[in-house]
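See structure below.
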Amino acid sequence: MCKPDSLIPLIGVITDIKTETPDVKTFTIVDKEGKKAFDHKSGQCAMISVPGVGEAMFSIASAPTNTKFMEFSIKACGVLTDYLHTLEAGQQVTIRGPYGNSFPNDLFKNKDMLFIAGGIGLAPVRSVINYVFDKRDDYGKVDILYGARSADDLVFKEEIMGTWTAKENTHVHLTIDRPQENWDGHVGFVPAYLGELNFKNDKTVIVCGPPIMIKFVLEELDKLGFKKEQIYTTLELRMKCGIGKCGRCNIGSKYVCKDGPVFRCDELDDMPEEY
Amino acid sequence: MFKMAKKDIPNMLTLLGESMDVYAPVKKGKLTNFEDFTEGAELDIDTLKTVKSPKDFFLPQVENLFSATSQGKEINIEAKALRDKPFVIFGVRSCDVRAMEILDSVYLSEPVDKFYEARRENGIILSLACNEPGQTCFCTTFNIDPAHPNADGAMWVINDNIYIEARTEKGENLVKLISKFLQEGSKNEIVQSQTAIREKLNKLPYSDLSLDGLEGNQLLDLFDTPQWEELHKTCLACGICTFICPTCQCYDIKDYDTGGEVVRYRCWDSCMYSDFTLMAHGNIRNSQKERFRQRFMHKLVYHPDNNKGEISCVGCGRCVNKCPSSLNIVKVIKSLAVKCNV
Amino acid sequence: MIQKQMQERAKQMLSLGEVTCVLGWKKGDFSTNPQPAVFESEKDLEDLVYDKYCAANLSKYLVELTKKEGKVLVFLKPCDTYSFNQLLKENLIKKERSYIIGIGCEGNMQVDDDMQEIGLLEKCQTCTKTAHMVFDELIGEELTVRQGDDPFEGVLNLEQMSSDERYGFWREELSKCIRCNACRNVCPACNCRKCVFDNNKYDTAQKVNASSFEEQMFHIIRAYHVAGRCTDCGECSRVCPQLIDLHLLNRKFIKDINEFYGEFQAGADTDTPSPLTDFNIDTDPEPGSVHKRG
Amino acid sequence: MPLNPNSSFTPLIVAFCCNWCSYAGADLAGTSRLNYPAQIKIIKVPCSCRIDPMFVLRAFQKGADGVILCGCHPGDCHYSTGNYYARRRITLFFSMLEYLGIEKERTHLEWVSAAEGNKFASTMRKFTEQIHALGKNERLEDIR
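Chains as they are written, first to last, in the working numbering: chain E, 1 to 275; chain F, 276 to 617; chain Z, 618 to 911; chain R, 912 to 1055.
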């Protein structure tokens, strides 16, 4: 078990790599004994590193109810992530965590849920979605609004089509930015689609995606009459230690690695706009 | 309270060196810094401020965390040992002692930083009263008393004697080790010196520097004040203020490939550097104004917000002396305080 | 008094709208510690000072300032004009966005930790730059020409040491470095958009002297990167918190360039090619021949 | 190797060779079956003026005991003038290394053309002997 205070990581083994989109792969990671490296809660993150290449924080995409392994959906967009994409199953990496707070899944009980995600932002949200589905009776109606640049950029496609759409009392709304062949679904940006769908404003909302999408989604939710206390989002900044000491991921006096990454939207009002 | 002859200090330190590492202000050329006190080193307890603060000994500029080797798809890591040899730092000033307490509030708060903790446990600090407070000192603004320093043991230089008072168990054990140099002293003998120091403090240029306007919860007001635009303008974005500051605590974690293995180390970092918050998708603090603001907001607002109002500055005045553009925290405090009084 | 004249002229130009801001020195909390500052109003200009403590080379600040619209009035001492020319040559500042008022200089003072004056700065002791190389107008009386010490004396002394002594000297000096980057950031010649020591794509971005070699690497390469462009303004040595004599590295290159390729002073004008972007097929010595000298 | 048989020291040498002349010279040495020490690691660069002093320092830092730079003869540069620039840069750099107290024998520059397989091999042999006599590089090696 990795101690949270330690900068010394555990060894993790990549047991499976699944290509989600041209630039996103999902890595399944266990510890050396083949077990889940540590327990986690929805929304928490872990530091994954390849010594000599780099170390970075990734949100854990699998649900806490998955006790066998952890999954990380990683987009190739930097030195470490590009390198991770070249790896093969069986490769060891280092892993430490879990870091950060989490989505208050218990508070959401019996509520109707609305999940809004864009692009790779579905990864942390997926952890909650699968948690909700694993305890389906505890939660109300589920709506998932998910958009990406193109149909090819939608992550977890199989899971969305195969599993999520089949769940009872659940609606999945997919959208892509621009029309393309073989796509008969909705076309348009997520915030616009959100307005069109005109959800009832008694739901609890979880939003994650690119900062610009979050910004417009929040405006749209406001128009629909949602209160900030109903909306949760996750933030991301550059991190090094994961324990609120290295001093770079702060927004005002809050450290994203320790006090975040999950914030209720009314909390953001008290924080400087530096994220 | 004990006293000993000032001229015996080098011998006393040599004796201590038999059972622990000894660090003391050592003069080399024109520079005085805390260094290994070895035979022949020129002890300098008259210089008020070492260039580097003694935070080095608890939060070294570079600290190796572990080394990793890989073979095929396997990785092996070997954690570096924590500090386990005791050491003493001789002659730390009041401000630097307080700085250590501020670092404690970061590194010893949950989750505790083991590397720092180990050094802290093994370290003994002997502090020294400032007989001649400097022109750029403003420790009194933070209620630090240079006439009555804290730490494991406190010392006063009075004429040819040095008075030593143990304050903690560690300090008392240390005093036992050097008992052959000591004779009984009385508290009354230092009172006069303390009074003299306090009088001098009142006459310093910054003695009336006040924090009015910085207290209370007004984070967003201070964050958005137009003052930052004015203040940062000539900042050159070097890291001199952060590296000589006794309370700056941010670090970076980096890898170094030695050819045979990869060493992961942590090292001091500066929020003044552009890559401090650089991410694959961009940088949240793109301009020097934002980075400059971060440093001072951290010290004056964010840190107090998280630590019961304790401001992360000790008034040592190092930045006042060293900034190439003559910017410093005093100018920021004055500017922000003015803004809030209006 | 020159300070008064500077204030008046700056106020005048600002009020006539001939310039948008003024780059000069502002009164600090200590009389010995003035601060480089940008003035935007006539009222602010009351705080403008000029005296022997105004050591900062203002040319460096122009790199950022002339990126913006408008025109900057800048006060330059003779040595600062060399840096100005050099930056002009490298297209890093825009001449049409600056108005230079040359001001006389009698040497700047070094101050100690207690803000007390402790003699001339090294860069002023060895000053050879007594005339303005570029200016729009001059303020003040006839410039005082000071005969400085030989700037290359330090380099010569080192050259005469044995290899072991030199190695010992540099190990001692450079190991003091705390890699605060003050020398780099204050240097007018160090103006890469991304310094090679900040570039995460190489493993040169180590940030610290993580090894006994790293500190040497940083300073050797930095000196090398500014070779042929360094005007010897001496700012690096002035700002070093650990008092490393960094000018000894730069002046070695300057001395070598003078000896091998003919006298050259960076910043003396804007047309002469830098020795490192030029060559002479017939007269350039071979690296091996330089070795043999030692 | 015809070097001191009592010494177990095998110097590690990095040779930066320009693509057009010196590397071809090394090739010729190889195809002509000329003998030169195996511990010379050749790094091909497009032109001798591509050699940043940082490359040389990095090589030393990572454990090289000697660094030799090779380029086209002056006048023969594939890019007309590259090696003239290189000549100035390397001259200044070598002079600086000496100034810093680094043994001047640790570095060397030799102009080697594509036809000079023999010269390449003999230069390398000579340089290796020189480094061997000098011993291990300690002054510029990273000891972390």
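Cβ coordinates follow ideal geometry from the N, Cα and C atoms, glycine included.
If you're wondering where the values come from, they're calculated on a predicted model, not measured in any experiment.
T416 (chain F) beta carbon less than 8 Å from that of L476 (chain F): It is not a contact, given that the beta carbons lie outside the stated cut-off.
Contact set between E55 (chain E) and chain F, taken where Cβ atoms lie within less than 7 Å: Contact annotation for E55 (chain E) against chain F: I528 [CB-CB distance below 7 Å, chain order].
Rounding to the nearest angstrom, what Cα-Cα distance links K1015 (chain R) and E1052 (chain R) in this structure? 15 Å
Spatial neighbours of C988 (chain R) within its chain, please: CB distance less than 6 Å, with the 5 preceding and 5 following residues excluded, ordered by chain position. N994
Straight-line CA distance for C2 (chain E) to L10 (chain E)? Residue placement at C2 (chain E) cannot be trusted, given a pLDDT of 47 that sits under 50; the coordinates are not used to answer.
Rounded distance between the beta-carbons of I718 (chain Z) and D753 (chain Z), thought under 8 Å: 7 Å
Counterpart residues of P653 (chain Z) in DSSP-defined beta bridges: Z:W642
Under 7 Å (Cβ pairs) to chain E, residues found in the segment 376-403 of chain F: V381, Y382, P386, V387, D388 and K389
Below 9 Å on C-beta distance, what does A673 (chain Z) contact in chain F? T509, P599, S600 and S601
My understanding is that R606 (chain F) touches L506 (chain F), with C-beta atoms under 8 Å, so please give their C-beta distance in whole angstroms. The question names Arg, but residue 606 (chain F) in the sequence shown is Lys. So it is a contact: roughly 7 Å between Cβ atoms.
Local Cβ density within 10 Å of N798 (chain Z), reported as buried at 16 or more and exposed below that: buried
Partner residues on chain Z for T411 (chain F), Cβ-Cβ distance less than 8 Å: Correct list: F647, D730, D731 and M732.
Counting only Cβ pairs nearer than 7 Å, list the residues of chain E close to T552 (chain F). L237, R238 and R248
Considering Cα atoms alone, identify which of E:D184, E:D153 and E:I29 is closest to V13 (chain E). E:I29
Could you confirm whether any beta carbon from chain F is found closer than 8 Å to the beta carbon of P98 (chain E)? no
Count Cβ pairs between the segment 962-977 of chain R and the segment 1013-1030 of chain R that sit closer than 8 Å; are there 3 or more? yes
Determine contact between the segment 537-555 of chain F and the segment 236-255 of chain E, defined as no fewer than three beta-carbon pairs at a distance below 8 Å. yes
Going by DSSP, what residue range makes up the alpha helix (DSSP H) through G771 (chain Z)? E770 to E776
Reference K694 (chain Z), options Z:Y670, Z:P904 and Z:R810, closest by Cα: Z:Y670
Name the residues in the segment 1001-1012 of chain R whose C-beta lies less than 9 Å from a C-beta of chain Z; which are they? I1001, T1002, L1003, F1004, F1005, S1006, M1007, L1008, E1009, Y1010, L1011 and G1012
Taking 6 Å as the limit between beta carbons, can you name the residues of its chain near S587 (chain F), skipping five residues before and five after? These residues qualify, in order along the chain: I377, T522, K574 and H578.
Answer yes or no: does any C-beta atom of chain F fall closer than 8 Å to that of K62 (chain E)? Correcting the residue type first, residue 62 (chain E) is Ser in the shown sequence and not Lys. Chain F, which has no Cβ nearer than 8 Å to the Cβ of S62 (chain E), makes this no.
Y841 (chain Z) touches chain R at which residues, Cβ-Cβ below 8 Å? For Y841 (chain Z), the chain R residues whose C-beta falls within less than 8 Å of its own C-beta are P964, L1003, F1004 and M1007, listed in chain order.
Can you tell which of E:S127, E:T26 and E:K167 has the C-alpha that lies nearest to the C-alpha of S42 (chain E)? E:S127
So for K955 (chain R), helix, strand or coil by DSSP? strand
Whole-angstrom C-beta distance between D781 (chain Z) and G1012 (chain R), which should lie under 8 Å: 7 Å
Whole-angstrom distance between A997 (chain R) and G884 (chain Z), CA atom to CA atom: 23 Å
Do I433 (chain F) and L401 (chain F) have their beta-carbon atoms positioned less than 8 Å apart in this structure? no
Could you tell me the boundaries of the beta strand (DSSP E) in which S342 (chain F) lies? V337 to Q346
Contact list for R1017 (chain R) against chain Z, beta-carbon separation under 9 Å: Residues of chain Z passing the Cβ test: none, with the nearest at roughly 10 Å.
Rounding to the nearest angstrom, what Cα-Cα distance links G78 (chain E) and F835 (chain Z) in this structure? 26 Å
In terms of residue numbering, what span does the alpha helix (DSSP H) encompassing D184 (chain E) cover? Segment: none, D184 (chain E) is in no alpha helix (DSSP H) and carries neither H nor E.
Three or more C-beta pairs below 8 Å linking the segment 187-198 of chain E and the segment 87-103 of chain E: no
Within 8 Å of any Cβ in chain F, is that where the Cβ of L705 (chain Z) sits? For L705 (chain Z), the answer is no, since every Cβ of chain F falls outside 8 Å of its Cβ.
Euclidean distance between Cα positions of I624 (chain Z) and E663 (chain Z): One point to set straight first is that residue 624 (chain Z) is Gln, not Ile, in the sequence displayed. Rounded to whole angstroms, Q624 (chain Z) to E663 (chain Z) spans 7 Å at the Cα level.
Please report the straight-line C-alpha distance between N917 (chain R) and H1043 (chain R), rounded to a whole angstrom. With a pLDDT of 48 at N917 (chain R), under the threshold of 50, the predicted position of this residue should be treated as unreliable, and no value is reported.
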